[in-house]
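Comments concern the structure below.
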Amino acid sequence: MSGFRRGVRLGIDVGRARVGVARCDPDGLLATPIETVPRDDAAVARIAALAEEYSATEIWVGLPTNLRGEDTASTTDARGFAAELAARAARPVRLVDERLSTVSAHAVLRNAGKSQRSSRSIVDQVAAVVLLQHALDVEKSTGRPPGTPVPQESP
C-alpha cells in the first residue's frame, strides 16, 4: 500500500433518475453501499451531508465515457453534478473512470439471483461500490490518486 492516502472516500454513481452512494473504510480495504439518492434538486445536498456524516476525506464521482474513452451526454451530466458537489461539499471531489461499472453491477446482482427489475433500487449503490473499489485498487497499485480533481468554486 505504498503511497495510499488514508481516509474515508465516498463513491458516487450519477444516473439520470438515481445516484448510488458507497463508502470505504479509512484504510481503503472495502467499499460498501450506503444508499440510493433520488436525482432531484436535493441530491447534491444529501451527498454533501453524507460526506459530512461519514467524515469523508474525498468524494469520487464516476465519469461515464464510452468504450473509446470519449465523452457522452452522461459524461457531461456527471461533470456538472461533480462541479455542483465540489462547490457544496467542502472537500475534494475527483472524477474517476467508471466505464462498465453499471454493467458490472448488473452482473453481480444477476449472479446473486436478483432480476433486473427487483434490483433496480440497489443497482446504483452496487455500481458506486464497483467504481469506488476499482479506484481504491488503482491508488493502492500506483500510489497516485485516481482520476482528476474537480475545481472547488464557491456556489
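If you use the numbering used here, the sequence shown corresponds to residues 9 to 163, in order. Yeah, the Cβ is synthetic: ideal placement off N, Cα and C, and Gly gets one too.
Taking only beta-carbon atoms, is residue i less than 8 Å away from chain B?
i: aspartate 105; result: No chain B is present in this structure, which holds just one protein chain.
Could you say which of the options lies nearest to residue i if we only look at CA atoms?
i: proline 46; options: Gln133, Gln160, Arg76, Gly151; result: Gln133
i: valine 158; options: Arg102, Asn119, Val131; result: Arg102
i: alanine 30; options: Arg14, Ala59, Gly11, Thr156; result: Ala59
i: leucine 75; options: Val69, Trp68, Thr83; result: Thr83
i: arginine 96; options: Asp35, Gln160, Gly77; result: Gln160
i: isoleucine 42; options: Ala25, His142, Arg17, Arg24; result: Arg17
i: proline 153; options: Ala90, Val104, Ala39, Val131; result: Val104
I'd like to confirm the pairing. Which residues does DSSP put opposite residue i in its beta bridges?
i: glycine 28; result: Asp21, Thr44
i: arginine 102; result: Trp68, Pro157
i: alanine 39; result: Cys32
Suppose you measure from the CA of residue i to the CA of residue j; what does that come to, to the nearest Å?
i: lysine 148; j: alanine 50; result: 33 Å
i: phenylalanine 12; j: glycine 151; result: 6 Å
i: glutamate 78; j: proline 100; result: 24 Å
i: leucine 37; j: aspartate 48; result: 31 Å
i: threonine 44; j: glycine 28; result: 5 Å
i: leucine 71; j: arginine 54; result: 20 Å
On the premise that residue j lies in contact with residue i, defined as a C-beta separation below 8 Å, what is that separation, rounded to the nearest angstrom?
i: valine 52; j: glutamate 92; result: 5 Å
i: aspartate 21; j: leucine 139; result: 6 Å
i: alanine 86; j: valine 69; result: 6 Å
i: valine 137; j: glycine 19; result: 7 Å
i: glutamate 66; j: glycine 15; result: 7 Å
At 3 residues or longer, and completely inside the region 53-100: list those beta strand (DSSP E) runs for me, N to C. Whole beta strand (DSSP E) segments, 3+ residues: 66-71.
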